[in-house]
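> The opening residue of the sequence shown carries number 1 in the UniProt record's numbering; numbering runs sequentially from there.
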Amino acid sequence: MDKDLQSIQEARDLIHKAKIAQADYANASQEQVDELTKAIAKMGEAHAKELGRMAAEEVGYGNAKDKYTKNILASRYVYEYIKDMKTRGILKETDRMIEVAAPVGVIAGLVPSTNPTSTVIYNSMIALKAGNAIVFSPHPTCTKCITKTVNLVREVVADQGYSPDLVSVLPIVTMQATDELMKNKDTKLVLATGGSAMVKAAYSSGTPALGVGPGNVPVFIERTADIKDAVRKIMIGKLFDNGLICASEESVVVERCIADEVKAEFERNNCYFVTGEDKDKIAAILSNSRGAVNAKAVGRTPQQLADLAGVKIPEGTKIILGCETEVGPKHPFSREKLNTTLGFYVVEDWKEGCEKCIEILNYDGLGHSIGIHTKDKNIIREFALKKPVSRMLVNTPTTLGGVGLSTDLAPAFTLGCGAVGGSATSDNVTPMNLINIKRVAFETNSNYNITGQDNSSDNGATEEVVEKVLRQILKEVANSNF
């Protein structure tokens with residue numbers, strides 16, 4: 001059989017099995033669902049280091065240490081956040097209204113190469129916590145570590161007495177299979193964590209989808225900020241897994257009055273400002289011939305990027321920065337890069353900084369996130385009111401703050417960008433995004449005449465009109481050929 005046709009059939013079979021398994025699982029109680037979720041979290045934490053190492057080796061970028069951390073976030077931290085969520089049966093009951101949870105059914109989970117094993121652990125937990133089944137479509141560059149993680153989850157599901165078909169993965173990875181998975185009539189929701197093209201495909205599938213747009217997170221350092229602390233935290237965020245998380249810092253915007261001090265602080269911490277021809281060479285490898293993120297540069301260290309570009313940088317360089325004044329395709333440092341480079345902008349004041357951040361977001365990150373380092377609460381409020389983002393991260397690494405590790409945001413790897421970013425949600429996605437809520441509403445107002453008019457005199461006329469219309473309909477039916 002042709003590979004593409006076989007992959008489509010495999011997708012259909014997995015969806016069918018998932019539908020049957022989910023129909024049975026839908027009868028599980030809240031306690032049973034919670035027990036299964038807890039067991040998956042324990043498994044994820046127990047295998048976090050092994051799966052992190054496996055992911056780093058297979059994809060060839062990022063680093064095993066931070067992928068281990070991501071697996072801990074996806075298992076332990078996500079579980080602690082969702083463990084007390086009520087997702088089954090009656091959620092809320094009053095004399096006037098009853099709210100009842102209902103799972104959506106079979107979910108298609110698109111897994112990226114940037115966070116392969118952590119996404120599987122996280123998506124499995126939130127899908128099952130909500131009473132659903134999930135079928136994963138793995139990124140073709142990391143099928144082994146994704147399949148390994150899915151199989152570990154399946155073992156836990158089976159050990160808890162449920163069909164392992166609640167969680168499965170496409171065995172043959174083709175665009176046709178993924179397309180079938182998203183468009184199949186029995187797939188009720190798509191969780192799209194991946195590149196822009198895949199997310200757009202999910203939203204075009206005709207199936208409801210929760211997707212993530214590009215991050216391209218700008219970070220503004222305002223004049224009242226603790227500069228040492230701001231630079232330290234920006235570096236922590238940028239270096240985490242070599243910049244692979246979509247909430248990673250991508251450009252730094254600073255006020256002119258502190259620009260020299262900020263530059264000096266970066267340089268004291270082994271960051272390198274590339275200039276001239278070398279800057280052009282680095283910029284040239286950040287995008288591919290189609291203007292998209294260059295996969296060869298994703299998740300790379302500064303030395304790997306320098307080697308790829310054919311330039312020399314100081315030994316031990318941690319981050320490469322390129323100074324820019326403009327934003328757009330002709331200025332690659334202004335785009336989402338997903339590696340260890342940063343754009344660097346100097347502005348006159350916070351108002352210009354506000355506009356520059358919006359310009360960066362408009363280019364390649366609408367709706368996602370922004371970072372700000374400041375002690376001025378009024379400026380924080382001004383930024384919050386004006387920025388087209390779903391999360392604003394204050395005095396914290398945007399990478400860790402965005403995924404809920406250093407903030408009170410929900411721990412998550414699917415970060416919605418809201419309508420402005422083309423997403424159906426602005427949330428960090430949790431089980432509550434994966435259920436339908438039925439509402440049982442009791443009558444609370446028996447006065448139906450909201451206009452206050454006396455319509456009693458019209459009743460006879462209304463009945464007369466209805467009778468006349470019915471006679472006409474019956475006459476037409478009698479004269480028809482039916």
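Note that CB positions come from ideal geometry on N, CA and C, so glycine has one too.
Going by the beta-carbon positions, is the gap between E336 and P214 smaller than 8 Å?
Numbered from 1 along the sequence shown, position 336 holds the residue referred to as residue 336. Numbered from 1 along the sequence shown, position 214 holds the residue referred to as residue 214. Cβ atoms of E336 and P214: closer than 8 Å.
> Along the chain, where does the alpha helix (DSSP H) containing A46 start, and where does it finish?
Within the sequence shown, residue 46 is the residue found at index 46, counting from 1. First-last of the alpha helix (DSSP H) with A46: 30-46.
> Tell me whether V219 is buried or exposed, calling it buried when 16 or more other Cβ atoms sit within 10 Å of its Cβ.
Stepping through the sequence shown from its first residue, residue 219 is reached at position 219. V219 comes out buried.
> Is DSSP giving P218 helix, strand or coil here?
Numbered from 1 along the sequence shown, position 218 holds the residue referred to as residue 218. In this structure, P218 counts as strand in the three-state DSSP scheme.
> If you count every other CB in all the chains shown that lies within 10 Å of the CB of V120, and 16 or more means buried, which is it?
Counted from its first residue, the sequence shown places residue 120 at position 120. Classification of V120: buried, given that the 10 Å Cβ count is 16 or more.
> Count the other CB atoms within 10 Å of the CB of F442; is the residue buried (16 or more) or exposed (fewer)?
Position 442 of the sequence shown holds residue 442. It counts as exposed.
> Determine, using beta carbons only, whether A48 and N71 come nearer to each other than 8 Å.
For the purposes of this step, residue 48 is taken as residue 48 along the sequence shown, with counting starting at 1. For the purposes of this step, residue 71 is taken as residue 71 along the sequence shown, with counting starting at 1. Contact flag set, yes.
> Answer with buried or exposed for G206, where buried requires no fewer than 16 other C-beta atoms within 10 angstroms of its C-beta.
Mapped onto the sequence shown, residue 206 falls at position 206. With fewer than 16 Cβ atoms within 10 Å of its Cβ, G206 is classed as exposed.
> Using DSSP with H/G/I as helix, E/B as strand and the rest coil, what is E336?
The residue given as residue 336 occupies position 336 in the sequence shown. Coil, per DSSP.
> According to DSSP, is K318 part of a helix, a strand, or is it coil?
By 1-based counting over the sequence shown, the position of residue 318 is 318. Here K318 sits in coil by DSSP.
> Whole angstroms is fine: what's the gap from A424's alpha carbon to G416's?
Here residue 424 refers to the residue found at position 424 when the sequence shown is read from its first residue. Here residue 416 refers to the residue found at position 416 when the sequence shown is read from its first residue. The alpha-carbon atoms of A424 and G416 are separated by roughly 7 Å.
> With H, G and I counted as helix, E and B as strand and the rest as coil, what does DSSP make of R96?
Numbered from its first residue, the sequence shown carries residue 96 at position 96. Three-state DSSP puts R96 in coil, outside helix and strand.
> What does the Cβ neighbour count give for P329, buried or exposed, with the cut at 16 atoms within 10 Å?
Taking the first residue of the sequence shown as 1, we reach residue 329 at position 329. Exposed, by the Cβ-count rule.
> Just the Cα atoms here: how many angstroms apart are S137 and E155?
Sequence index remark: in the sequence shown, residue 137 carries index 137 (1-based). Sequence index remark: in the sequence shown, residue 155 carries index 155 (1-based). Our two residues, S137 and E155, have alpha carbons roughly 19 Å apart in a direct line.
> So what does R391 bridge to, in DSSP terms?
Taking the first residue of the sequence shown as 1, we reach residue 391 at position 391. DSSP lists S369 as partners of R391.
> Which residue from D226, K17, T193, I172 puts its Cα closest to that of A133?
The residue given as residue 133 occupies position 133 in the sequence shown. For A133, the nearest C-alpha among the options comes from K17.
> Give the DSSP-derived three-state secondary structure of E249 in the structure shown.
On the sequence shown, residue 249 is found 249 positions in, with the first residue counted as 1. Note: E249 maps to strand in three-state DSSP.
> Helix, strand or coil for L239 per DSSP?
Locating residue 239 in the sequence shown gives position 239, counting from the first residue. DSSP places L239 in helix when its eight states are reduced to three.
> Between L170 and S7, how many whole angstroms is the CB-CB distance? I'm expecting something under 8 Å.
Position 170 of the sequence shown holds residue 170. Position 7 of the sequence shown holds residue 7. Between S7 and L170 the Cβ distance is about 7 Å, and since that is below 8 Å, they are a contact.
> So, under 8 Å CB-CB, C246 and H368 are touching, yes? Tell me the CB distance rounded to an integer number of Å.
Within the sequence shown, the letter at position 246 stands for residue 246. Within the sequence shown, the letter at position 368 stands for residue 368. So it is a contact: roughly 7 Å between Cβ atoms.
> Should the segment 95-110 be regarded as contacting the segment 18-28, the criterion being three or more beta carbon pairs within less than 8 Å?
yes
> Below 8 Å on the Cβ atoms is my contact criterion, and I expect Q110 with A202 to pass it. Report the Cβ-Cβ distance as a whole number of Å.
The residue labelled residue 110 in the question sits at position 110 within the sequence shown. The residue labelled residue 202 in the question sits at position 202 within the sequence shown. Residue 110 is actually Leu in this sequence, not Gln. Between A202 and L110 the Cβ distance is about 7 Å, and since that is below 8 Å, they are a contact.
> Bridge partners for P103 per DSSP, in chain order?
Taking the sequence shown and counting its residues from 1, the one referred to as residue 103 is at position 103. BP columns for P103 point to I435.
> One question on the structure: do I146 and P431 come within less than 8 Å of each other, judged by their Cβ atoms?
What you label residue 146 is simply residue 146 of the sequence shown in a count that begins at 1. What you label residue 431 is simply residue 431 of the sequence shown in a count that begins at 1. Cβ atoms of I146 and P431: not closer than 8 Å.
> Nearest CA to the CA of D241: which residue from Y68, G62, L434?
Your numbering for residue 241 matches position 241 in the sequence shown. Looking from the CA of D241, the closest CA among Y68, G62, L434 belongs to G62.
> I need the DSSP call for C257, collapsed to helix, strand or coil.
Here the question's residue 257 lines up with position 257 in the sequence shown. Helix, per DSSP.
> Report yes or no: do three or more beta-carbon pairs, one from the segment 381-396 and one from the segment 256-265, lie closer than 8 Å?
no
> Check whether the Cβ atoms of Y25 and G161 lie closer than 8 Å to each other.
Numbered from 1 along the sequence shown, position 25 holds the residue referred to as residue 25. Numbered from 1 along the sequence shown, position 161 holds the residue referred to as residue 161. Not in contact: Y25 and G161 (Cβ atoms no closer than 8 Å).
> With a Cβ-Cβ cutoff of 8 Å, do residue 483 and A297 count as a contact?
The requested residue 483 is not part of the displayed model; the chain covers only 1 to 482.
> Report yes if the CB atom of V212 is closer than 8 Å to the CB atom of T414, and no otherwise.
Position 212 of the sequence shown, counted from the start, is the residue given in the question as residue 212. Position 414 of the sequence shown, counted from the start, is the residue given in the question as residue 414. The answer is yes: Cβ separation under 8 Å.
> Are the beta-carbon atoms belonging to L342 and E267 less than 8 Å from one another?
Your numbering for residue 342 matches position 342 in the sequence shown. Your numbering for residue 267 matches position 267 in the sequence shown. Not in contact: L342 and E267 (Cβ atoms no closer than 8 Å).
> Applying the criterion that 16 or more other CB atoms from any shown protein chain within 10 Å of the CB defines a buried residue, is M198 buried or exposed?
Taking the first residue of the sequence shown as 1, we reach residue 198 at position 198. Under the 10 Å beta carbon count, M198 is surrounded by 16 or more other beta carbons and is classified as buried.
> Identify whether T341 lies in helix, strand or coil by the three-state DSSP scheme.
Walking along the sequence shown from the start, residue 341 turns up at place 341. If DSSP states are grouped into helix, strand and coil, T341 belongs with the strands.
> Suppose you measure from the CA of S168 to the CA of K238; what does that come to, to the nearest Å?
For the purposes of this step, residue 168 is taken as residue 168 along the sequence shown, with counting starting at 1. For the purposes of this step, residue 238 is taken as residue 238 along the sequence shown, with counting starting at 1. About 33 Å.
> Output the boundary residues of the beta strand (DSSP E) element that contains T187.
Sequence index remark: in the sequence shown, residue 187 carries index 187 (1-based). Start and end: 187-192.
> Based on the DSSP output, what are the partners of V167 in its beta bridges?
By 1-based counting over the sequence shown, the position of residue 167 is 167. According to DSSP, which records beta bridges pairwise, V167 is partnered with I134.
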